[in-house]
Amino acid sequence: MAHDGGEGHLNGALSCMDLLVALFYRWMKNYPDNPKHENRDRFIFSKGHACTAYYAILADRGFIPMNWLAQYAKNNSPLPSHPCLHALPVLDWSSGSLGHGLGVATGMSYGLKLSGNPSRVVTLLSDGECNEGSTWEGAMFAAAQQLENLLVVVDYNRIQSVGRTDVLNGFTSFEEKFKAFGWGAKTIDGHHLPEINDALNEFPFESGKPSALIAKTTAGRGVSFMEDQVLWHYRVPSGDDVKQALEELGEAPLYFREGNPS
Amino acid sequence: MRKAFSDSLMKEAENNPQVTFMTGDLGFQVFDEFSEKFGARYINVGVAEAQLINVAAGMAAEGWRPVAYSIASFATARPFEQIRYCVSYPNLPVTLVGAGRGFTYSTSGVSHHALDDIGLMSLLPNMTVVIPGDPTEIEELFPQVMRCSGPAYFTVGRFGEPRYQAEEPSVLGKARLLKSGQKIAIMSTGEITHEVLKSVNLLHSENIIPMVYQMHTIKPLDTVTLDNLADQVRAMLVVEEHFPNGGLWAAVTQWNAIRDKPIRLQRVGPPDSFILGNLNREDVRKKIGCDAHSIAITCRLLWNQ
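Protein chains in written order, with our numbering: chain A, 17 to 278; chain B, -7 to 297.
Right under this line is the structure:
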């Protein structure tokens, strides 16, 4: 997708893939045939730039046709390089500007509580967007309002656009920060599916509190030349890069399986 | 005006169970009745304007009808990107209420002056921008704003402002005729309209009788009335409590620029600069030449030309 579309943030896409798998195939209630079902768990993919991962999941789960993936970032595509709910109405929210996911999720979460709807709200944040002050305004509110139906997953891949997350936040702990803000929080290995599933099964982590799952991940996971390299935050892979990456992963692009319309 | 607003809000909330109200930690005791009666439909998010907007956006996405409230300068400029990205872009029905715009809080300093709020909000697609001038307009326009299918910016003044007489009721999107007249039309928006009406009283004895319109809706602009007026008057005088960029003057000059026969326009309002010092509202208006006396001078000049 990133090669064909000429865009992409593969570091952050590969780092959150296992988290999305655990959420979309197992833990979240979702209805591919009726995407806006009232009882669905709401989902905000706040780190919009990494949406190649999200689109692949949406296609594989049947929310969108598999061959749409070939249109990623193409002219007038339903799958732009940052997700837009006008282009793709199955989404719960658009993303592209960082630092909004948590705040909007608290609004949804409060709204659901107020209507007596037991659905949960999940938002996947990048560690980079925890630089944004608005993220912490939302964190304070969620604790004050005891939003027990809210789960934040932080994709802690430690790499940002041009720097290292730990350097930029002064080597402070996400788990401790969320706890200090009044949340239940856990840190896990974000590539170990049983560990992710176990953590999700314990939701809410503490009674009467919102939950933060800090998932330690590897940027560019699974591709030797991308792993933990700031270079690959938004680099577009060449044809050779794609070939090597697919060999390492033992995979073919999803949409080749269905026939690539281009 | 604030009492008119809290009463109007109560009525809306009574009639529509989806109405919720959130404040950025402002309006001490103004909304006590609301919070007592509607419980969790009242939220104080704290001094957190970004969160104020994002929580309103999230609730609107879940089918609620949020009204988000803060001081005009903080409600608009501080969370501008939240308003743009989370409210205006998804076109959600959130009513953003800015209290004390213009020089309402003049003695509090530049931090509290809201002379760019109309411009900021008018920039945004899908946004309706409504600036009432007296308590009656709050009462008449707020219910109409709450019927908008998308977002709106609505302002309220302080307590105890007088009501003015008008020849027409307030209709969203329509310039409101306050006083009939001839030759000149004075167009103003919001509370500066009180100064306009005073200036018209000053001119009455000289037999200078301009029309007075309150342009409470800046966006969408009532170009139908403007076009009709342009055929009847020799000049329009725009009076505003806003920077020259982005407010009523900007909207009217844009309308005029593409007319086949542009009409003569003149402006009375603050300059494009921060107003320093801690003068009260009356003295600020005098100092920068947008009090009743200054409006009368400009109007007299236009009348006699």
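We put the beta carbon where it would ideally sit given N, CA and C, even for glycine.
Express the C-alpha separation of residue j and residue i in angstroms, rounding to a whole number.
| i | j | result |
| --- | --- | --- |
| Met119(B) | Asp182(A) | 40 angstroms |
| Gly275(A) | His208(B) | Model confidence at Gly275(A) stands at a pLDDT of 49, short of 50, so the residue's coordinates are unreliable; what they give is reported in the following sentence. Going by the C-alpha atoms only, they are around 57 angstroms apart. |
| Thr147(B) | Met113(B) | 11 angstroms |
| Ala5(B) | Val11(B) | 5 angstroms |
| Phe23(B) | Arg33(B) | 12 angstroms |
| Phe26(B) | Asn220(B) | 43 angstroms |
| Leu35(A) | Ile212(A) | 7 angstroms |
| Ser278(A) | Met33(A) | Only weak support exists for where Ser278(A) lies, its pLDDT of 40 falling under 50; the coordinates are left without a value. |
| Asp214(A) | Ala38(A) | 10 angstroms |
| Gly38(B) | Arg150(B) | 21 angstroms |
| Asn193(B) | Asn8(B) | 42 angstroms |
| Phe30(B) | Met14(B) | 12 angstroms |
| Val145(A) | Pro58(B) | Here the sequence assigns Glu to residue 145(A), which means Val is not the residue at that position. Rounded to whole angstroms, Glu145(A) to Pro58(B) spans 26 angstroms at the Cα level. |
| Glu267(A) | Met156(A) | 42 angstroms |
| Val258(A) | Trp84(A) | 19 angstroms |
| Tyr205(B) | Asp283(B) | 17 angstroms |
| Arg292(B) | Ile200(B) | 7 angstroms |
| Thr364(B) | Met2(B) | Lying before the first or after the last residue shown, residue 364(B) is absent from chain B, which here runs from -7 to 297. |
| His285(B) | Ser93(A) | 59 angstroms |
| Gln246(B) | Thr234(A) | 53 angstroms |
| Asn173(A) | Thr217(B) | 58 angstroms |
| Gln157(B) | Thr96(B) | 22 angstroms |
| Leu30(A) | Phe194(A) | 25 angstroms |
| Ile63(B) | Gly92(B) | 6 angstroms |
| Gly154(A) | Thr122(A) | 7 angstroms |
| Gly24(A) | Met138(B) | 41 angstroms |
| His105(B) | Ser98(B) | 6 angstroms |
| Glu54(B) | Leu114(A) | 21 angstroms |
| Lys166(B) | Lys52(A) | 37 angstroms |
| Gln260(A) | Val252(A) | 14 angstroms |
Where do the N-terminal and C-terminal ends of the alpha helix (DSSP H) with residue i fall, by residue?
| i | result |
| --- | --- |
| Thr217(B) | Thr215 to Ala222 |
| Tyr71(A) | Cys67 to Asp76 |
| Ile110(B) | Asp109 to Ser114 |
| Val276(B) | Arg273 to Lys279 |
| Gly255(A) | Gly255 to Leu265 |
| Leu18(B) | Taken as a continuous stretch (DSSP letters only), Leu18(B) belongs to no alpha helix (DSSP H), as it is neither H nor E. |
| Val37(A) | Leu26 to Ala38 |
| Arg(-6)(B) | Arg(-6) to Asn7 |
| Val137(B) | Pro127 to Val137 |
| Arg58(A) | Premise fails: Arg58(A) lies in the beta strand (DSSP E), Arg58 to Phe61, not in any alpha helix (DSSP H). |
| Gly21(A) | Ala18 to Gly21 |
Output the boundary residues of the beta strand (DSSP E) element that contains residue i.
| i | result |
| --- | --- |
| Asn36(B) | Tyr34 to Asn36 |
| Phe146(B) | Ala144 to Val148 |
| Lys171(B) | Arg168 to Lys171 |
| Arg292(B) | Run containing Arg292(B): none in the beta strand (DSSP E); it sits in the alpha helix (DSSP H), Ala284 to Asn296. |
| Met179(B) | Ile176 to Ser180 |
| Ser227(A) | Ser227 to Lys232 |
| Arg259(B) | Arg256 to Val260 |
| Gly90(B) | Thr87 to Ala91 |
Kindly give me the distance between the Cβ atoms of residue i and residue j, rounded to whole angstroms, as I take these residues to be in contact under 8 angstroms.
| i | j | result |
| --- | --- | --- |
| Asp244(A) | Gly206(A) | Contact doesn't hold; Cβ gap of about 14 angstroms is too wide. |
| Trp241(B) | Arg256(B) | 14 angstroms between Cβ atoms; not a contact. |
| Ile45(B) | Val89(B) | Not confirmed; about 12 angstroms, so no contact. |
| Gly94(B) | Glu233(B) | 4 angstroms |
| Pro71(B) | Ala42(B) | 5 angstroms |
| Leu118(A) | Lys63(A) | That belief does not hold up - the Cβ atoms of Leu118(A) and Lys63(A) are roughly 11 angstroms apart, past 8 angstroms. |
| Glu54(A) | Asn133(A) | 7 angstroms |
| Ile178(B) | Val163(B) | Actually they do not touch by this definition, with Cβ atoms about 19 angstroms apart. |
| Val106(A) | Phe79(A) | 5 angstroms |
Following a CB-centred definition, is residue i positioned closer than 7 angstroms to any heavy atom of the ligand HEM?
| i | result |
| --- | --- |
| Ile267(B) | Ligands are entirely absent from the displayed structure, and the ligand HEM is therefore not among its contents. |
Residue ranges of each alpha helix (DSSP H) within the stretch 100 to 150 of chain A, 4 or longer
List check, alpha helix (DSSP H) in window: 117 to 130.
Taking only beta carbons into account, state which residues of the stretch 47 to 58 of chain B come closer than 9 angstroms to chain A, listed in chain order.
Sequence-ordered contacts of the stretch 47 to 58 of chain B with chain A read Val47, Ala48, Ala49, Gly50, Met51, Ala52, Ala53, Glu54, Gly55, Trp56 and Pro58 [C-beta pairs closer than 9 angstroms].
For a minimum of 4 consecutive residues, which ranges assigned as the alpha helix (DSSP H) are wholly contained in the stretch 190 to 254 of chain B?
DSSP runs (the alpha helix (DSSP H)) wholly in the stretch 190 to 254 of chain B: 215 to 222 and 240 to 249.
Residues of the stretch 4 to 35 of chain B with Cβ closer than 8 angstroms to any Cβ of chain A, in chain order:
Correct list: Thr12, Ala32, Arg33 and Ile35.
Pull out every residue of the stretch 267 to 283 of chain B whose Cβ sits closer than 8 angstroms to any Cβ of chain A, in chain order.
Hits within the stretch: zero.
In chain order, each beta strand (DSSP E) run of at least 3 residues that lies wholly inside the stretch 31 to 84 of chain B:
Segments of the beta strand (DSSP E) lying fully in the stretch 31 to 84 of chain B: 34 to 36 and 57 to 63.
Taking Cβ-Cβ distances below 7 angstroms as the criterion, which residues of the stretch 239 to 257 of chain A are in contact with chain B?
Using a CB distance below 7 angstroms, no part of the stretch 239 to 257 of chain A faces chain B.
Can you check the stretch 173 to 220 of chain A for any alpha helix (DSSP H) of at least 4 residues that lies completely inside it and give the ranges in chain order?
Here the runs fully enclosed are 181 to 184, 190 to 196 and 209 to 217.
Name, going along the chain, the residues of the stretch 67 to 87 of chain B whose beta-carbon falls closer than 8 angstroms to a beta-carbon of chain A.
Going along the stretch 67 to 87 of chain B in chain order, one finds Glu73, Gln74, Tyr77, Cys78, Tyr81 and Pro82 with a Cβ nearer than 8 angstroms to chain A.
Short-range partners of chain B found in the stretch 33 to 53 of chain A, where Cβ spacing is below 8 angstroms:
Answer in chain order: no residues at all.
Given a limit of 8 angstroms on CB to CB distance, which residues of the stretch 144 to 164 of chain A reach chain B?
Result list: Gly149, Ser150, Glu153, Gly154, Met156, Phe157, Ala160 and Gln161.
If the cut-off is 9 angstroms on Cβ atoms, which residues from the stretch 85 to 115 of chain B count as contacting chain A, listed in chain order?
From the stretch 85 to 115 of chain B, no residue has a Cβ closer than 9 angstroms to chain A.
Using a Cβ-Cβ cut-off of less than 8 angstroms, give me the residues of the stretch 127 to 153 of chain B that come near chain A, in sequence order.
Here the close residues number zero.
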